[in-house]
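See below for the structure under consideration.
In my numbering, the protein residues as written are 571 to 981.
Structure, rendered in structure tokens:
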């Protein structure tokens, strides 16, 4: 029996390491890896007769968040959709729970970091290959196009989806490149970070670019790296003059409106309609996982006058969609959950004495911020394939917090 338990532990161990790469390849591969990982984790807990988890504050708050999801069933127009939404939430809980409970040592974190570096390099190289060959080499996806520009998607269904993936993971590697003390580590992580950043650029995703820019600027300020900080500021100043001609023409056509440049007219209309939806059901929303089924009923003449939108669509803003589906109670609880998770990760950065774990802590912090910034223009928390990366990052952060707490207890 002990040998079987050990095998289950190894499956969980390597499942966590392989998760970023599996998401890069295909949703089926990712779901298989995650399913096996979660199954092995639960079997191990049952055989060892251990509690599922320690009731930390983030876990308790997430439990409240799930309860509000159940309350939102009251207004749901589709019980089957809402049940599916709760299944997704429970899956999210298990992903971050497995990671936070199972990652316990520095070596595991190092292998995870190498996996992340390989994953973003794979997607960045695939995007570059797609740009020159017309199709990516993982799944054979064709190039995407918008305003006359070729936009890479790599193995993902769209360019913005690729941007979400890379923006969620590239800051982890950027941070390790900036904070690593060993030359070979700096070279390895720097190469991976550059390839991942190139992939974000090739996606031409505005939200992804903004998320990556802010996260790298944050990391350079924490590291007190004046060269990179000044370089980023210079890039921001000169980019309007060197951006592709098609983008310049489009920017001029919308009178350089910053909100339209960051989003677009369609998204602006969707946001206005979503605010109307929240206003009609401010407390528990219209029902978890039913946004697209409800959206058409809450379109307003004012919003549609600027730009007409379909009756079924996602909000293209994770926070507004959450507010629409689960009300301000759900959105507020989620933000509180994020606050305590980020607080735990920041304390891990401050408390950890190990240079690698310290660097990884601030890097994961920056990656979560980048993912959330991208969520202002994309429903990145609602892409079934991509949101796995977000909960993976949450799990990494909580695991880093636990290690720092254990170190303090030893003192």
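C-beta atoms are modelled at their ideal positions from N, C-alpha and C, and glycine is treated no differently.
(request) Measuring alpha carbon to alpha carbon, tell me which of 840, 651, 894, 694 ends up nearest residue 880. (result) Of 840, 651, 894, 694, the residue nearest in Cα terms is 840.
(request) Please confirm whether residue 912 and residue 943 have their CB atoms less than 9 Å apart. (result) No; because the gap between Cβ atoms is not below 9 Å, this pair is not in contact.
(message) Strictly by DSSP, which residues pair up with residue 712?
(response) Under the DSSP definition of a beta bridge, residue 712 partners with 705.
(message) Classify residue 871: buried if its beta carbon has 16 or more other beta carbons within 10 angstroms, exposed otherwise.
(response) Under this definition residue 871 is an exposed residue.
(message) Which residue marks the beginning of the beta strand (DSSP E) containing residue 721, and which one marks its end?
(response) Where residue 721 is concerned, the enclosing beta strand (DSSP E) stretches over 719 to 721.
(message) Quick check: the Cα distance between residue 593 and residue 682, rounded to an integer number of angstroms?
(response) In this model, residue 593 and residue 682 are separated by some 14 Å (Cα to Cα).
(request) If I'm right that residue 789 touches residue 741 with Cβ under 8 Å, what's the distance once you round it to whole angstroms? (result) Contact holds; Cβ gap of about 7 Å.
(request) Report the residue from 634, 669, 709, 692 whose alpha carbon sits nearest the alpha carbon of residue 610. (result) Closest option to residue 610, judged by alpha-carbon separation, among 634, 669, 709, 692: 669.
(message) Classify residue 869: buried if its beta carbon has 16 or more other beta carbons within 10 angstroms, exposed otherwise.
(response) Buried: at least 16 other Cβ atoms inside 10 Å.
(request) Give every residue of the same chain whose Cβ lies closer than 7 Å to the Cβ of residue 623, excluding the five residues on either side of it in the sequence, and list them in chain order. (result) Setting aside the 5 residues that flank it on each side, residue 623 is surrounded in the same chain by 629, 667, 671, each with a C-beta closer than 7 Å to its C-beta; the list follows chain order.
(request) Please confirm if the stretch 742 to 754 is in contact with the stretch 793 to 802, defined as three or more CB-CB distances below 8 Å between the two stretches. (result) Verdict: yes, contact present.
(message) Taking the alpha carbon of residue 937 as the reference point, which residue from 597, 864, 778 has its own alpha carbon closest?
(response) If we check each option's Cα against that of residue 937, 778 comes out closest.
(request) Look at the Cβ atom of residue 732, then the Cβ atom of residue 693, and state whether they are nearer than 9 Å. (result) Cβ distance < 9 Å, so residue 732 and residue 693 count as in contact.
(message) Residues in the same chain with beta-carbon distance under 8 Å from residue 801, minus the five sequence neighbours each way, listed in chain order, please.
(response) So no residue of the chain qualifies.
(request) Measure from the alpha carbon of residue 909 to the alpha carbon of each residue in 967, 857, 680, 928, then state which is nearest. (result) That would be 967, whose Cα lies nearest to the Cα of residue 909.
(request) Please determine, among 970, 768, 644, the residue with the shortest C-alpha to C-alpha distance to residue 915. (result) Per the Cα distances, 970.
(request) Please state if the CB of residue 645 and the CB of residue 886 are separated by a distance shorter than 9 Å. (result) Cβ atoms of residue 886 and residue 645: not closer than 9 Å.
(request) Use the C-beta contact count for residue 833: other C-beta atoms within 10 angstroms, 16 or more gives buried, fewer gives exposed. (result) Under a 10 Å Cβ-count criterion, residue 833 is classified as buried, with 16 or more other Cβ atoms of the shown protein chains found around its own Cβ.
(message) I need the DSSP call for residue 856, collapsed to helix, strand or coil.
(response) Three-state DSSP puts residue 856 in coil, outside helix and strand.
(request) Determine the closest residue to residue 647 out of 774, 859, 739, with distance taken between C-alpha atoms. (result) Taking residue 647 as reference, the option from 774, 859, 739 with the minimal CA-CA separation is 859.
(message) Taking the alpha carbon of residue 708 as the reference point, which residue from 934, 577, 597, 877 has its own alpha carbon closest?
(response) If we check each option's Cα against that of residue 708, 597 comes out closest.
(message) For residue 934, tell me which candidate among 953, 918, 721, 700 has the shortest Cα-Cα distance.
(response) The alpha carbon of residue 934 has as its nearest neighbour, out of 953, 918, 721, 700, the alpha carbon of 918.
(request) Measure the alpha-carbon distance for residue 783 versus residue 904 and round it to whole angstroms. (result) Note on geometry: alpha-carbon atoms of residue 783 and residue 904 lie some 25 Å from one another.
(request) Put residue 684 into one of helix, strand or coil per three-state DSSP. (result) DSSP, read as helix, strand or coil, puts residue 684 in helix.
(request) Decide if residue 700 is buried, meaning its Cβ has at least 16 other Cβ atoms within 10 Å, or exposed. (result) So residue 700 counts as buried.
(request) Name the two residues that bound the continuous alpha helix (DSSP H) containing residue 883. (result) Secondary structure note for residue 883: it is in no alpha helix (DSSP H), with a DSSP letter that is neither H nor E.
(request) Note down the Cα distance separating residue 773 from residue 718, rounded to an integer number of angstroms. (result) Going by the C-alpha atoms only, they are around 14 Å apart.
(message) My assumption, with CB atoms under 8 Å, is that residue 734 sits in contact with residue 956. Please give the rounded CB distance.
(response) Right, the Cβ-Cβ distance comes to about 5 Å (below 8 Å), so this counts as a contact.
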